[in-house]
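In the working numbering, the protein residues as written are 599 to 772.
1) Name the residue from 654, 711, 721 and 760 whose alpha carbon lies nearest to the alpha carbon of residue 740.
2) Using beta carbons (cut-off 9 Å, strictly below), is residue 638 in contact with chain D?
3) Can you tell me the Cβ-Cβ gap for residue 733 and residue 716, rounded? I've got them flagged as a contact below 8 Å.
4) Provide the residue span of the beta strand (DSSP E) that contains residue 636, from first to last.
5) Under a Cβ-count criterion, where at least 16 other Cβ atoms within 10 Å of its own Cβ denotes burial, should residue 703 be classed as buried or exposed?
6) Have a look at residue 664 and residue 764 and give me their C-alpha separation to the nearest angstrom.
7) Do the CB positions of residue 635 and residue 659 come within less than 9 Å of each other?
8) Tell me the DSSP secondary structure of residue 729 in three-state form.
9) Determine which residues share a DSSP beta bridge with residue 735 and list them.
10) Mind checking who residue 719 pairs with in its DSSP beta bridge?
11) Taking a contact to mean a Cβ-Cβ separation below 9 Å, would you say residue 696 touches residue 688 in this structure?
12) Where do the ends of the beta strand (DSSP E) carrying residue 687 lie?
13) Would you mind working out which of 709, 685, 691 and 757 sits nearest residue 744, comparing C-alpha positions?
14) May I ask which residues mark the beginning and end of the beta strand (DSSP E) holding residue 625?
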C-alpha cells in the first residue's frame, strides 16, 4: 500500500479511537447543564436550550440546543445544534483528544452511529478531516464523508495529515 494511503487510512480510522473512549464513557453518568430545559416524560424527550454542555466521562459537548431521546432501555439518541456544536473526547491510551465540530450532530445509541452535518470537522493532534457531512458507524468502524456541493463549497472532503514524527537522532561523539 502506498505510504500516503496508509496515512490517510490512519486518519480516517482516527474516529474509531473515539469508540474505545465512548465504550468506557458509556458507564459514566451524563451531566447536562443549560439555561432552560423542557421535559416531556410521556414522549421521553428532554430539550435543553442555551449554553448547553454535556459531560460523560471524557466526553465534553457544547451546543445551543440539545435534544435527548430516552426509550424503555435508557438513552436512545442525542441531537445537538449550534453555531457550531463542539465536542472533545480522550480515547483510551491516546496522547491527544479527538475534537470535532459541526452545525448539527446526531448520535444513535441503538445503531451506534454518529452523524456530523454542516461544516463538519474532526481533528486529533495536527491531523484534520473535514467535509459537509461525516458519518461514523462505530459498530463497523466505517467512516463516510462528503463535501459541500452548494454555493460556498468546492464539493470535496479535505484532510491534513501530519508526517510521522521520527525519533531524534543520537548525538555523535568525537
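No residue lacks a Cβ here, since even glycine has one placed at the ideal position from N, Cα and C.
The answer reads as follows:
1) Indexing the chain shown from 1 puts residue 740 at position 142. With respect to the C-alpha of residue 740, the residue from 654, 711, 721 and 760 having the closest C-alpha is 711.
2) Included in the structure is just one protein chain, with no chain D present.
3) As a first step, residue 733 is located in the chain shown; it is residue number 135 there, counting from the start. As a first step, residue 716 is located in the chain shown; it is residue number 118 there, counting from the start. Under the criterion of beta carbons closer than 8 Å, residue 733 and residue 716 do not qualify as touching, at roughly 13 Å.
4) Taking the chain shown and counting its residues from 1, the one referred to as residue 636 is at position 38. Looking at the DSSP string, the run of the beta strand (DSSP E) that includes residue 636 is 634-638.
5) The residue you call residue 703 lines up with position 105 of the chain shown. Counting the other Cβ atoms within 10 Å of the Cβ of residue 703 gives 16 or more, which makes it buried.
6) Here residue 664 is taken as the residue at index 66 of the chain shown, counted from 1. Here residue 764 is taken as the residue at index 166 of the chain shown, counted from 1. The straight-line gap separating the alpha-carbon atoms of residue 664 and residue 764 is approximately 42 Å.
7) Walking along the chain shown from the start, residue 635 turns up at place 37. Walking along the chain shown from the start, residue 659 turns up at place 61. Taking C-beta atoms as the reference points, residue 635 and residue 659 fail to come closer than 9 Å.
8) Taking the chain shown and counting its residues from 1, one reaches residue 729 at position 131. Strand.
9) Taking the chain shown and counting its residues from 1, one reaches residue 735 at position 137. DSSP, once it has assigned bridges, lists 711 and 740 as partnering residue 735.
10) Reading the chain shown from its first residue, position 121 is the one you call residue 719. Partner(s): 699 and 728.
11) As a working mapping, residue 696 is identified with position 98 in the chain shown. As a working mapping, residue 688 is identified with position 90 in the chain shown. Going by C-beta atoms, residue 696 is nearer than 9 Å to residue 688.
12) Indexing the chain shown from 1 puts residue 687 at position 89. In the DSSP assignment, residue 687 falls within the beta strand (DSSP E) that extends over 672-687.
13) Sequence index remark: in the chain shown, residue 744 carries index 146 (1-based). Ranking 709, 685, 691 and 757 by Cα distance to residue 744 puts 757 first.
14) Against the chain shown, residue 625 aligns to sequence position 27. Where residue 625 is concerned, there is no enclosing beta strand (DSSP E), given that its DSSP letter is neither H nor E.
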